[in-house]
Amino acid sequence: MLSISNCHIHTDNGRIELPDITLKSGELLVLTGPSGMGKSTFLHWILGDKITHADISGDIALNDIPLNGLNIEQRRIGLLMQDVHLFPHLNVIDNICFALPYSLTGSNGKKLHKSQRRKVAINMLDNIDMGYVAQHYPDQLSGGERSRVGLIRALANQPKALLMDEPFAALDPKTGALVSQWAYNQLQERGVPSIMVSHDIKNIPPQAQHLDLATYYHSTK
Amino acid sequence: MATKIRRLTLSAGWLVVALVAGLPLFGVIVGLWPSVPISEADVARFFAYNGLTYSITNTLFISLAAPLLALYVAFMVYSQYRFNPRWQTLEKRLAPLLSLPHLAVALGLVYLFSSGGMVFNALWGLFGQTAPDWLGLPRKSLLTMVLAISIKEVPFFLLILSALGRQLAIKDWLLQGKALGYTEGASWWLLVFPIMLKQSRLALLAAMAYSLSVLDISLLVGPNIPQLYAVVLYNWQTGFNAYEQANAFLGNLMLLIMLGLLIVSIYGHEWFTINRLRINAVMANPFKIARLSRLFTAWLGFFSLLTVAILITFLLWSFGWNTQSTISTANWSFSLWQDEWFFMQGPLLHSLNIAFFSSLLGVAVTLLALELQQQTNRKLPDYVWLMAILLPQLSMVYGWQVTHTGLSGSYSTGWIILSHLPFTFAYSYLVLRGPFQSLNQHYELVAASFGYTYWQRWWRVRFMLLRPALLSALAIAFSVSVAQYIPTLMIGAGRVTTITTEAVAIASGNEQSITAVYILVQAALPFIAFLIASILAQRIRGSFDAEHQ
Amino acid sequence: MMWLTSKSLRFLSNVKYSNPLAALVVLMAVAILALLPNVNAQPLPDTPTVQLESSPQWQQTLADAKGETVYFYAWGGSKPINDYLRWAAREIASRYNVRLRHVKVADISEAVSRLKAEDGSKSAIDLLWVNGENFSYLKEQRLLLGKLWSSIPNSALLATQKLPLKNDFGVPIEGFEVPWGVGQFNIIADEGLLGESEQNTVTSSIILAAAKQNPGRISYPRPPEFHGTTFLKQLLVDLSNKDKRLYSAATSQAQDDLLPLLWDYLDQLHPLSWQKGNAFPSSNTEQLSLFQQKQFVLAVSFNPNEMAKEKNEKRIPTTSQRLYFAQGAITNSHNLAIPKAAQNSAGAKVVINFLLSELAQKQKLNGSWGDPSVITPLLDEASTLPAQQELHSSWQQVIEDKWQQKYGA
Numbered sequence: 003m004l005s006i007s008n009c010h011i012h013t014d015n016g017r018i019e020l021p022d023i024t025l026k027s028g029e030l031l032v033l034t035g036p037s038g039m040g041k042s043t044f045l046h047w048i049l050g051d052k053i054t055h056a057d058i059s060g061d062i063a064l065n066d067i068p069l070n071g072l073n074i075e076q077r078r079i080g081l082l083m084q085d086v087h088l089f090p091h092l093n094v095i096d097n098i099c100f101a102l103p104y105s106l107t108g109s110n111g112k113k114l115h116k117s118q119r120r121k122v123a124i125n126m127l128d129n130i131d132m133g134y135v136a137q138h139y140p141d142q143l144s145g146g147e148r149s150r151v152g153l154i155r156a157l158a159n160q161p162k163a164l165l166m167d168e169p170f171a172a173l174d175p176k177t178g179a180l181v182s183q184w185a186y187n188q189l190q191e192r193g194v195p196s197i198m199v200s201h202d203i204k205n206i207p208p209q210a211q212h213l214d215l216a217t218y219y220h221s222t223k
Numbered sequence: 160m161a162t163k164i165r166r167l168t169l170s171a172g173w174l175v176v177a178l179v180a181g182l183p184l185f186g187v188i189v190g191l192w193p194s195v196p197i198s199e200a201d202v203a204r205f206f207a208y209n210g211l212t213y214s215i216t217n218t219l220f221i222s223l224a225a226p227l228l229a230l231y232v233a234f235m236v237y238s239q240y241r242f243n244p245r246w247q248t249l250e251k252r253l254a255p256l257l258s259l260p261h262l263a264v265a266l267g268l269v270y271l272f273s274s275g276g277m278v279f280n281a282l283w284g285l286f287g288q289t290a291p292d293w294l295g296l297p298r299k300s301l302l303t304m305v306l307a308i309s310i311k312e313v314p315f316f317l318l319i320l321s322a323l324g325r326q327l328a329i330k331d332w333l334l335q336g337k338a339l340g341y342t343e344g345a346s347w348w349l350l351v352f353p354i355m356l357k358q359s360r361l362a363l364l365a366a367m368a369y370s371l372s373v374l375d376i377s378l379l380v381g382p383n384i385p386q387l388y389a390v391v392l393y394n395w396q397t398g399f400n401a402y403e404q405a406n407a408f409l410g411n412l413m414l415l416i417m418l419g420l421l422i423v424s425i426y427g428h429e430w431f432t433i434n435r436l437r438i439n440a441v442m443a444n445p446f447k448i449a450r451l452s453r454l455f456t457a458w459l460g461f462f463s464l465l466t467v468a469i470l471i472t473f474l475l476w477s478f479g480w481n482t483q484s485t486i487s488t489a490n491w492s493f494s495l496w497q498d499e500w501f502f503m504q505g506p507l508l509h510s511l512n513i514a515f516f517s518s519l520l521g522v523a524v525t526l527l528a529l530e531l532q533q534q535t536n537r538k539l540p541d542y543v544w545l546m547a548i549l550l551p552q553l554s555m556v557y558g559w560q561v562t563h564t565g566l567s568g569s570y571s572t573g574w575i576i577l578s579h580l581p582f583t584f585a586y587s588y589l590v591l592r593g594p595f596q597s598l599n600q601h602y603e604l605v606a607a608s609f610g611y612t613y614w615q616r617w618w619r620v621r622f623m624l625l626r627p628a629l630l631s632a633l634a635i636a637f638s639v640s641v642a643q644y645i646p647t648l649m650i651g652a653g654r655v656t657t658i659t660t661e662a663v664a665i666a667s668g669n670e671q672s673i674t675a676v677y678i679l680v681q682a683a684l685p686f687i688a689f690l691i692a693s694i695l696a697q698r699i700r701g702s703f704d705a706e707h708q
Numbered sequence: 005m006m007w008l009t010s011k012s013l014r015f016l017s018n019v020k021y022s023n024p025l026a027a028l029v030v031l032m033a034v035a036i037l038a039l040l041p042n043v044n045a046q047p048l049p050d051t052p053t054v055q056l057e058s059s060p061q062w063q064q065t066l067a068d069a070k071g072e073t074v075y076f077y078a079w080g081g082s083k084p085i086n087d088y089l090r091w092a093a094r095e096i097a098s099r100y101n102v103r104l105r106h107v108k109v110a111d112i113s114e115a116v117s118r119l120k121a122e123d124g125s126k127s128a129i130d131l132l133w134v135n136g137e138n139f140s141y142l143k144e145q146r147l148l149l150g151k152l153w154s155s156i157p158n159s160a161l162l163a164t165q166k167l168p169l170k171n172d173f174g175v176p177i178e179g180f181e182v183p184w185g186v187g188q189f190n191i192i193a194d195e196g197l198l199g200e201s202e203q204n205t206v207t208s209s210i211i212l213a214a215a216k217q218n219p220g221r222i223s224y225p226r227p228p229e230f231h232g233t234t235f236l237k238q239l240l241v242d243l244s245n246k247d248k249r250l251y252s253a254a255t256s257q258a259q260d261d262l263l264p265l266l267w268d269y270l271d272q273l274h275p276l277s278w279q280k281g282n283a284f285p286s287s288n289t290e291q292l293s294l295f296q297q298k299q300f301v302l303a304v305s306f307n308p309n310e311m312a313k314e315k316n317e318k319r320i321p322t323t324s325q326r327l328y329f330a331q332g333a334i335t336n337s338h339n340l341a342i343p344k345a346a347q348n349s350a351g352a353k354v355v356i357n358f359l360l361s362e363l364a365q366k367q368k369l370n371g372s373w374g375d376p377s378v379i380t381p382l383l384d385e386a387s388t389l390p391a392q393q394e395l396h397s398s399w400q401q402v403i404e405d406k407w408q409q410k411y412g413a
């Protein structure tokens, strides 16, 4: 469960007082609003990244554990951006392996070795019928493939929550709709609470909560 | 008609590029051609030379260890500074750090830190004692040599990494890595290093080729039982009897073999390291060793201190201070500067003039070479372009000299600029290749959609985005040209003296005070070039800023 | 800032000199110089020098030389020497209307290599400072101009009776080069290091004793650097009690008899020397620099006046001593040669003639360089060290090769 409370965003032009947000496992929140209002900045704040363009305060808790004092790598929150940032020097499997938790153990309780970890990654790809890209390098993938591999990689990390910054905006509408529907199903199946920034107000999935930042915006200029 | 013109320009372009890239090969073939017939007995005697094996292995060790050490240190420094306010300071200070010549660093290092060196003497002197002999760097050893070279190469690699970093989405990769639960240090190593290592291949190769054949540093701090290979080879090359000439010929062949070995080991090291890191990535290893990088937060401070210490030492020497004197008894005087300044003005102007034109031409031909490869979609291997750095310089320039006298060429600045061109070309190719080839083509695509023609796009988008890298390339090419001794002397025949022909000759005498004067003035030229480049670069928004607004 | 302005002016005039616009300046200079011989004309004793100087041949050389620029390739690593050549250039320009340009090289082999590349065609070198192996190679390749002694008047002043000036490292000079100065092998050492000997002489055993007392502070330039090789030669002469076979070709019998003396000695010396004999200074200049930095207790030199010069500059303690080997200091000349294909050989001869003049030799001896004179009028026997003959040239290669075999790796 991801909860955000007492959150204030101060930008150069205005200020936003967010209502408290609570996302149970598998729930999705879609965040919309005009450009420059600080949507992406808000995501980076949740992630734990350094914020430069705004001043954000508030409390974040994941499964009732407060996150405020923790840095990015301790928070275990996944991130999926529009440019998926698959690492160009690793092929698809190794990109996924990179995301698999270090402590991943097999059925016997022992840590997995290299080939076993690769097998886990291939299984994940096979599950979404993408085994055929396993050996490809990122520059050999199409846009849709890249987005899907990106999501699988993010999920492979077993994040406690997932943040998405217009992840499917680069895809053509048809592919975009297909991939996003597929993505929601994946997230729901795995019970990961997620927040997605989007411009596409028309295509908000029915099962998602929706928050329009503009509603809470007060201009200071 | 238009296609005909295009074809003509293309082939003319190839010709220019082939000349600049091919001159070194030509020089070596002419210069190496054995003046004496080589017999089997010569070969046997060559291999029987006492200490040859050690000499070769020691030299190979230095040539491998020093550049690699420098690269690793530079990477760790880069990772500690890049996304930190400290980066600004580092970028500002890179200019003075880059411009100290190798010889100055080596001289300063042994003078200050060798056993019995100034630093330890001064420290122990505070307590009225003499420093123990075992303390400090040995004056001549593998370790000292590796340190002297690698310390000096770190800023060079920083410059290369900084140029590379402008083209890579490092910040996003790091963020992604951290979001997946890795520390920042681990993300640098697992995600950024493999890519940077591959792209620094040429720079590594250049540094290795330099270490392989450097003479003055080898003589000063290299071990000499046995002597390093560059020294052995130089002795053969400058001994003119038949047996030494035969050895010189075989020795140069051996040098090429050693170079081949270094190339193989660059690939070997790359393959091994990337594989190891890949396994760590696959295993999601937290890679705790990456914490080591944090040590290098202090690098800028240390290195600046060292540079300042060396500069002060040289200034003191140039004002007449020496080991015999205390502050009060030294005969302080500016007379050396006054005496020499009059004789330095001409050489300084020549240096500036030659370096200015040869660096400009070198960068221009580099752009031509890169553009031609891009247009024809034919990428020639890097070694073709870097011949000037890779091939043995003495034989190469000797070949040019033979041709130059054969053509009854004049001993003018024009010929000297031509003789510097292959070197400025090679170094600017080294700096520019990465940025040029990894430039995001979408910008030009956007420009095309606005109706700009190819060359308009090239100039207004590609060239403008490349400006920061072009400035680095110009500054490096400029300092490379300033540092040329052998081509300037051998082609210019002493008609055109530069600050370097003077400085190298002076330094051969080991007279501290006058050597200091010349080295300081010699270092001033690249310093100015790097300074101008860095000031301009800070005002220009290049491809990095375009990618990461 | 006076020095700057006045010197800048001179600099500017130098630049103009090579400029076609300055034809007028040159003309005027020539006119003034044309008057000079009359002003200086004095009755002189009828010495061989004067005879040669008044010969039509020399007058022709002087005439040919006018306006020439002589490119003089010489080692540029020493400020006193560079300063001396700057002085000489000014004198020569005003006396003979010849411009002397010192082409500074780090190693004279760079000039030899150029002559080799030119292969006898028009040379860029008019004059070079050379001796030893380089001379021997150039002479053998017939790249040098001969008959210098007979065509340069002041060669008659050379002190051939007192100094070994007819051979260069065992190779007969035969007029292919002209001695310019002499080197005498000596040792500069800390006070009292090598005993209280009144004669200032030293022997191999004294050096060994000093090494025992100052472990790690004695070394010598690494052969084949010729100061190092000469040090070994001096030791060998001492250890073999000046065996006569050292002065003739090195037969294998002589090598077997004599060299072990040297190796036994070095086997004792090296463990006591700098870095336990695992490293040596690369050159005499580096050794001197380490002596200045108090790392060494002695340094070797070929210039008998080096110590005085160093003391003057306060670079070494004023108590340092100059010593030489008891059997005499190995004495060698360093010389001037003209390439056969030189473009300005007349000018080069005029330069050599000036450099052998009393004025120039005196300046060389008494100025900051302190290089001993080679001409009879200035021969100062008091400051000249007792000389000893150079070994036969074959020993050089033998010693260097064997040393490399035994200690080089």
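Residue numbers (our numbering), protein chains in the order written: chain A, 3 to 223; chain B, 160 to 708; chain C, 5 to 413.
Note that the Cβ used here is the ideal one computed from N, Cα and C, for glycine as well.
- Item | Below-8 Å beta-carbon distance, A:ASP174 vs any chain B residue | Here residue 174 of chain A corresponds to residue number 172 of the first sequence, with the count starting at 1. Taking Cβ atoms only, chain B never reaches closer than 8 Å to A:ASP174, which makes this a no.
- Task: Given a cut-off of 8 Å, decide if C:ASP242 and C:SER208 are closer than it, judged by their beta-carbon atoms.
- Result: Position 204 of the third sequence, counted from the first residue, corresponds to residue 208 of chain C. Position 238 of the third sequence, counted from the first residue, corresponds to residue 242 of chain C. It is a contact, given that the beta carbons lie within the stated cut-off.
- Query: In chain C, which residues lie with their C-beta within 7 Å of the C-beta of B:ASN209?
  - Reply: Numbered from 1 along the second sequence, position 50 holds the residue referred to as residue 209 of chain B. Here the neighbours are GLN408, GLN409, GLY412 and ALA413.
- So what does DSSP say about C:TRP184, is it helix, strand or coil? Your numbering for residue 184 of chain C matches position 180 in the third sequence. Looking at C:TRP184 - three-state DSSP - the assignment turns out to be strand.
- Query: By a C-beta neighbour count over all protein chains shown, 10 Å radius and 16 as the cutoff for buried, is B:SER605 buried or exposed?
  - Reply: Translated into the one-based positions of the second sequence, residue 605 of chain B becomes position 446. It should be pointed out that residue 605 of chain B corresponds to Val in this sequence rather than to Ser. With a 10 Å radius around the Cβ and a threshold of 16 neighbouring Cβ atoms, B:VAL605 comes out exposed.
- Query: Distance, Cα to Cα, A:HIS220 vs A:VAL199?
  - Reply: Stepping through the first sequence from its first residue, residue 220 of chain A is reached at position 218. Stepping through the first sequence from its first residue, residue 199 of chain A is reached at position 197. Just so you know, the alpha carbons of A:HIS220 and A:VAL199 end up roughly 20 Å apart.
- At least three beta-carbon pairs within less than 8 Å, the segment 354-368 of chain B to the segment 416-430 of chain B: Cβ pair count under 8 Å is three or more, so yes.
- Query: So, B:ASN481 versus C:GLN279, is the Cβ gap smaller than 8 Å?
  - Reply: Taking the first residue of the second sequence as 1, we reach residue 481 of chain B at position 322. Taking the first residue of the third sequence as 1, we reach residue 279 of chain C at position 275. Result no, Cβ atoms of B:ASN481 and C:GLN279 do not sit closer than 8 Å.
- How would you call B:PRO594, buried or exposed, if buried means at least 16 neighbouring beta carbons within 10 angstroms? Locating residue 594 of chain B in the second sequence gives position 435, counting from the first residue. Answer is buried; the Cβ neighbour count reaches 16.
- Query: Roughly how many whole angstroms lie between the Cα atoms of B:LEU679 and B:LEU470?
  - Reply: If you number the second sequence from 1, residue 679 of chain B lands on position 520. If you number the second sequence from 1, residue 470 of chain B lands on position 311. Counting only the Cα atoms, B:LEU470 lies some 8 Å from B:LEU679.
- How close, in whole Å, do the beta carbons of C:VAL109 and C:GLY80 come, if the pair is a contact with beta carbons under 8 Å? Stepping through the third sequence from its first residue, residue 109 of chain C is reached at position 105. Stepping through the third sequence from its first residue, residue 80 of chain C is reached at position 76. With a Cβ gap of about 6 Å, C:VAL109 and C:GLY80 count as contacting.
- Item | Boundaries of the beta strand (DSSP E) in which B:LYS538 is found, first to last residue | The sequence position of residue 538 of chain B within the second sequence is 379, counting from 1. Going by DSSP, B:LYS538 is part of no beta strand (DSSP E) at all; its letter is neither H nor E.
- Task: Below 7 Å between beta carbons is the criterion; list the residues of the segment 49-75 of chain A that meet it against any residue of chain E, in chain order.
- Result: You won't find chain E in this structure, because its protein chains are A, B and C.
- chain B beta carbons: is any one of them nearer than 8 Å to that of C:SER292? In the third sequence, the residue the question calls residue 292 of chain C occupies position 288. In the sequence as displayed, the identity of residue 292 of chain C is Leu instead of Ser. Taking 8 Å as the threshold, the shortest C-beta distance from C:LEU292 to chain B falls below it.
- If you follow the alpha helix (DSSP H) that C:GLU290 is part of, which residue opens it and which one closes it? Mapped onto the third sequence, residue 290 of chain C falls at position 286. Membership of C:GLU290 in the alpha helix (DSSP H) is indicated by the continuous run 288-296.
- Message: Counting beta carbon pairs with one atom in the segment 615-635 of chain B and one in the segment 554-561 of chain B, are three or more of them shorter than 8 Å?
- Response: By the Cβ rule, the segment 554-561 of chain B does not count as touching the segment 615-635 of chain B, because fewer than three pairs are nearer than 8 Å.
- Check the Cβ of A:ALA101 against every Cβ in chain B and list those closer than 8 Å, keeping chain order. Working through the first sequence from its first residue, we reach residue 101 of chain A at position 99. Those within 8 Å of A:ALA101 in chain B are LEU339 and ALA443.
- Within its chain, find whatever has a CB closer than 7 Å to the CB of B:VAL676; leave out the 5 residues flanking it on each side and keep chain order. By one-based count along the second sequence, residue 676 of chain B stands at place 517. Excluding sequence neighbours, B:VAL676 sits near SER477, LEU495, TRP496 and GLU499.
- Query: Is there a Cβ from chain A that is less than 8 Å from the Cβ of B:THR342?
  - Reply: The residue you call residue 342 of chain B lines up with position 183 of the second sequence. Cβ-Cβ to chain A under 8 Å: yes for B:THR342.
- Which word fits B:GLN643, buried or exposed, when buried means at least 16 other C-beta atoms lie within 10 angstroms of its C-beta? On the second sequence, position 484 is the one that residue 643 of chain B refers to. With 16 or more Cβ atoms within 10 Å of its Cβ, B:GLN643 is classed as buried.
- Query: Okay, do the segment 425-443 of chain B and the segment 348-358 of chain B touch, 3+ Cβ pairs below 8 Å being the bar?
  - Reply: Three or more pairs of CB atoms, one per stretch, sit closer than 8 Å, so the segment 425-443 of chain B contacts the segment 348-358 of chain B.
- CA-to-CA distance, B:LEU327 to B:PHE703, given in whole angstroms: Counted from its first residue, the second sequence places residue 703 of chain B at position 544. Counted from its first residue, the second sequence places residue 327 of chain B at position 168. Caution is warranted here: a pLDDT of 45 is assigned to B:PHE703, below 50, making its placement in the model unreliable, and the coordinate value is therefore given only provisionally. Spanning the alpha carbons of B:PHE703 and B:LEU327 requires a straight line of approximately 8 Å.
- Message: Check whether chain C comes within 8 Å of B:GLN552, counting only Cβ atoms and requiring the distance to be less than that.
- Response: As a working note, residue 552 of chain B is residue 393 in the second sequence. B:GLN552 has a beta carbon lying at 8 Å or more from every beta carbon in chain C.
- Can you give me the Cβ contacts of C:VAL34 inside the same chain, cut-off strictly under 8 Å, excluding the 5 residues immediately before and after it? One-based indexing of the third sequence puts residue 34 of chain C at position 30. Low local confidence applies: a pLDDT of 46 at C:VAL34 is under 50, so the model's placement there is unreliable, with the coordinate-based value given in what follows. Closer than 8 Å at the Cβ level, and outside the excluded window around C:VAL34, lie LYS70, GLY71 and ASN101.
- Message: Which of the three DSSP states is assigned to B:LEU318 in this structure?
- Response: Stepping through the second sequence from its first residue, residue 318 of chain B is reached at position 159. Correct three-state label for B:LEU318: helix.
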